[in-house]
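>
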Amino acid sequence: MWRLKIAEGGADPWLRTKNAHVGRQVWEFDAAADDPDALAAVDAARREFAARRHQLKHSADLPMRIQLAKENPLKLDLPAIKLGENEDVTEEAVSTTLRRALSTFSTLQAHDGHWPGDYGGPMFLMPGLLIMLHVTGALNTVLSSEHQKEIRRYLYNHQNEDGGWGLHIEGPSTMFGSALTYVSLRLLGEGPDSGDGAMEKGRNWILDHGGATYITSWGKFWLAVLGVFDWSGNNPLPPETWMLPYCLPVHPGRMWCHCRMVYLPMCYVYGKRFVGRITPIILELRNELFKVPYSEVDWDSARNLCAKEDLYYPHPLIQDILWATLHKFVEPVMMHWPGNKLREKSLNHVMQHVHYEDENTRYICIGPVNKVLNMLACWIEDPNSEAFKLHIPRIYDYLWVAEDGMKMQGYNGSQLWDTAFAVQAIAATDLIEEFAPTLKLAHDFIKNSQVVDDCPGDLSYWYRHISKGLIIAIKDFSRNCGRIGGS
1 MWRLKIAEGG ADPWLRTKNA HVGRQVWEFD AAADDPDALA AVDAARREFA ARRHQLKHSA
61 DLPMRIQLAK ENPLKLDLPA IKLGENEDVT EEAVSTTLRR ALSTFSTLQA HDGHWPGDYG
121 GPMFLMPGLL IMLHVTGALN TVLSSEHQKE IRRYLYNHQN EDGGWGLHIE GPSTMFGSAL
181 TYVSLRLLGE GPDSGDGAME KGRNWILDHG GATYITSWGK FWLAVLGVFD WSGNNPLPPE
241 TWMLPYCLPV HPGRMWCHCR MVYLPMCYVY GKRFVGRITP IILELRNELF KVPYSEVDWD
301 SARNLCAKED LYYPHPLIQD ILWATLHKFV EPVMMHWPGN KLREKSLNHV MQHVHYEDEN
361 TRYICIGPVN KVLNMLACWI EDPNSEAFKL HIPRIYDYLW VAEDGMKMQG YNGSQLWDTA
421 FAVQAIAATD LIEEFAPTLK LAHDFIKNSQ VVDDCPGDLS YWYRHISKGL IIAIKDFSRN
481 CGRIGGS
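Residue 1 is where the sequence shown starts when you use full-length UniProt numbering, and the numbers rise one by one after that.
Encoded structure:
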């Protein structure tokens, strides 16, 4: 049975923290758990979600609610208020209803003061994690059979009726979502005809829309890492841009933080042209994802192909000219002497920034995309590195279990964001004294989440802003993350 663990991790020597893991939420499977009522309730919730999955895309966090209902039983002696159609809404009715609502809401508060919950939705996060774990050989070590079972449940639950998968759980099918999710299920042991025809439907959607050559740039990148797409079918990601003078407007350090922190490890992997081991499953995927034999794919033209379902904004001509110039003239120079000397220097510079990001976020990183990319870069640099080992336990911070299965979240949660809003809402009711214990817990959590120092070193060299004193930025960049969202 899955159990939500809050603010735990002190016994793991590979976990680092600056606030005793306050706010950490991790799901663990307890095979010895003996709670038949809870198990039956969770199974019923799973069946109900699956039955209505095309009409109701979002889960309701029922496994968490079932667990917390047992841990924090509701003690309520207030009557339920039911008003007739023409009955006046009195102050007493409103006050009683508020008290009932806040009493129930308080039972969902974790013992460290925050309100745990699902922060999922995107469909492109889990594939990156699975591909990274597969090529590093850590898939079955990091993800138990129970993890993999719940991930498969989630991916199947969010397949659209046309057979494809979207960019996110509410989105129409895209090549990006469909190809990566199909690959993910295959890496998790599903066969080409598994899932009562679901895999065949997914594969047909991919082929009917042109095949995997029409996947978007991030998809091309991940498939190249896996070995089912040639690197020559990717537009260049030159690490040398990080060596440019900062005064230039194209310097990556001037990009929005989420953009540059993804590009940072991506350009390292691209510069290395890393490809995972070619195994039988990779050869099978090469046959399943393309409309022509793999050996006949025109990789040069594939660089700029994009399915119409994925094309939000077409490339301007100048961008295609830039990519072609880098691909045909600059990259060949950088791959051979003497250009490879600059390439190697650039890659070393990039890895300095990767390690700085990892260390200053306690290996959580700014988000799930660069988390797995940084982890991959560390493994490519040294498969036996301490950095790679420190990354592993922080994977679980990103995984969340609900009745729709196990998903990879958009961050390690929205704890601080949600708690801050909860405090404001409770304070607005003028029931502060009655719910003082709830507010005290929330206050302690917010205080323990505050960033109390800046990142070390010359912040301008690392393209950072000050972070000392930060309480809440975008989502919940708390003390363990140690960065300001806009830096």
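Beta carbons are placed, not taken as given, at the ideal position from N, Cα and C, and that holds for glycine. Quick caveat: nothing in here was measured; it's all calculated off a predicted structure.
(1) Could you work out which residue in Val401, Asp418, Met243, Asp453 is closest to Leu347 when comparing CA atoms only?
(2) DSSP on Val228, reduced to helix/strand/coil?
(3) Can you check DSSP and say which residues form a bridge with His168?
(4) Applying the 10 Å Cβ sphere with the 16-neighbour rule, what's the burial state of Ser144?
(5) Which first and last residues belong to the alpha helix (DSSP H) in which Val369 is found?
(6) Could you tell me the alpha carbon to alpha carbon distance between Asp162 and Leu326, rounded to whole angstroms?
(7) What's the call for Glu92, buried or exposed, on a 16-neighbour Cβ count within 10 Å?
(8) Looking only at its own chain, which residues have a Cβ that is under 8 Å from the Cβ of Val423, when we skip the five neighbours before and after it?
(9) How do the stretch 97-114 and the stretch 415-434 stand: do at least 3 beta-carbon pairs fall below 8 Å, yes or no?
(10) Anyone know if the C-beta pair for Met406 and Glu190 falls short of 7 Å?
(11) Are the CB atoms of Met261 and Ile366 nearer to each other than 7 Å?
(12) Give me the Cα-Cα distance between Thr90 and Arg100, rounded to the nearest whole angstrom.
(13) For the alpha helix (DSSP H) that Arg343 lies in, which residues bound it at each end?
(14) Report back the beta-carbon spacing between Asn360 and Cys257 to the nearest angstrom; my notes put them in contact at under 8 Å.
(15) Would you be able to state if there are at least three C-beta pairs under 8 Å between the stretch 132-148 and the stretch 52-63?
(16) Any contact of the stretch 273-288 with the stretch 224-244, i.e. 3+ C-beta pairs under 8 Å?
(17) Taking all protein chains shown into account, decide if Ala377 is buried (16 or more other Cβ within 10 angstroms of its Cβ) or exposed.
(18) By how many angstroms is the C-alpha of Pro316 removed from the C-alpha of Arg24?
(19) By the 10 Å Cβ neighbour count, where 16 or more other Cβ atoms means buried, how is Trp337 classified, buried or exposed?
(20) Compare the C-alpha of Ser295 against each of Arg286, Pro239, Leu311 and name the closest.
(21) Using a Cβ-Cβ cut-off of 7 Å (strictly less than) and excluding sequence neighbours within five positions of Lys468, which residues of its own chain qualify?
(22) Do the CB positions of Val350 and Pro239 come within less than 7 Å of each other?
(23) Let me confirm a value: Asp208 is counted as buried when at least 16 other C-beta atoms fall within 10 Å, else exposed. Which label applies?
(24) Work out the CA separation of Arg303 and Gly202 for me, nearest whole Å.
(25) Helix, strand or coil for Arg3, going by three-state DSSP, please let me know.
(26) Sort out for me which residues DSSP pairs Met406 with in a bridge.
(27) Could you spell out the range, first to last residue, of the beta strand (DSSP E) harbouring Glu28?
(28) When the Cα of Leu373 is compared with those of Ile81, Leu264, Thr96, which residue comes out closest?
(29) If I'm right that Phe124 touches Leu188 with Cβ under 8 Å, what's the distance once you round it to whole angstroms?
(30) Count the other CB atoms within 10 Å of the CB of Arg254; is the residue buried (16 or more) or exposed (fewer)?
(31) Does chain B have any CB closer than 7 Å to the CB of Leu78?
(32) How about Asp310 and Phe176: do their beta carbons lie closer than 7 Å?
(33) Is it the case that the CB of Phe290 approaches a heavy atom of the ligand PLP more closely than 6 Å?
(34) Who are the Cβ neighbours of Ser487 in its own chain at under 6 Å, not counting the five residues just before and after it?
(35) What's the gap between the Cα of Arg152 and the Cα of Val22?
(36) Tell me, to the nearest whole angstrom, how far the beta carbon of Thr181 is from that of Ala307; I am working on the premise that it is less than 8 Å.
If we stick to the structure as given:
(1) Among Val401, Asp418, Met243, Asp453, the Cα nearest to that of Leu347 is on Met243.
(2) Here DSSP, grouped into helix, strand and coil, assigns Val228 to coil.
(3) In the DSSP output, where bridge partners are listed per residue, His168 has Pro122.
(4) Of the other Cβ atoms in all chains shown, fewer than 16 fall within 10 Å of the Cβ of Ser144; this residue is therefore exposed.
(5) Looking at the DSSP string, the run of the alpha helix (DSSP H) that includes Val369 is 368-381.
(6) If I take the Cα positions, the gap works out to 38 Å.
(7) That one is exposed.
(8) Answer for Val423: Leu439, Ala442, His443, Ile446, listed in chain order.
(9) Touching, yes, given that three or more Cβ pairs across the two stretches are closer than 8 Å.
(10) Result no, Cβ atoms of Met406 and Glu190 do not sit closer than 7 Å.
(11) The Cβ atoms of Met261 and Ile366 sit closer than 7 Å to each other.
(12) Going from the Cα of Thr90 to the Cα of Arg100 covers about 16 Å.
(13) Unbroken alpha helix (DSSP H) run through Arg343: 339-360.
(14) A Cβ-Cβ separation of about 13 Å leaves Asn360 out of contact with Cys257 under the 8 Å criterion.
(15) As far as the Cβ criterion goes, the stretch 52-63 does not touch the stretch 132-148, which means the pair count is below three.
(16) At 8 Å Cβ cutoff, the stretches touch.
(17) With at least 16 other beta carbons inside 10 angstroms of its own, Ala377 counts as buried.
(18) When rounded, the distance between both Cα atoms is 44 Å.
(19) Trp337 comes out exposed.
(20) Minimum Cα-Cα distance from Ser295 among the listed residues Arg286, Pro239, Leu311 corresponds to Arg286.
(21) Excluding positions up to five away in sequence, the list reads Val451, Val452, Asp453, Asp454.
(22) If you check the CB distance, Val350 and Pro239 come in under 7 Å.
(23) So Asp208 counts as exposed.
(24) The C-alpha of Arg303 is placed about 23 Å away from the C-alpha of Gly202.
(25) Reduced to three states, the DSSP call for Arg3 is strand.
(26) Its beta-bridge partners are Val401.
(27) Looking at the DSSP string, the run of the beta strand (DSSP E) that includes Glu28 is 25-29.
(28) Out of Ile81, Leu264, Thr96, the CA that lies nearest to the CA of Leu373 is found in Leu264.
(29) Rounded, the Cβ-Cβ distance is 16 Å, inconsistent with contact.
(30) So Arg254 ends up on the exposed side.
(31) Although the question refers to chain B, the structure presented lacks it and comprises just one protein chain.
(32) For Asp310 and Phe176, yes; Cβs fall inside 7 Å.
(33) This structure lacks the ligand PLP; in fact it carries no ligand of any kind.
(34) Unreliable positioning characterises Ser487 in this predicted model, as indicated by a pLDDT of 40, which lies under 50. The coordinate reading is nonetheless provided below. So the list reads Cys257, Arg464, His465, once near-sequence residues are dropped.
(35) Cα to Cα, Arg152 sits roughly 30 Å from Val22.
(36) Approximately 14 Å separates the beta-carbon atoms of Thr181 and Ala307; this is outside 8 Å, ruling out the contact.
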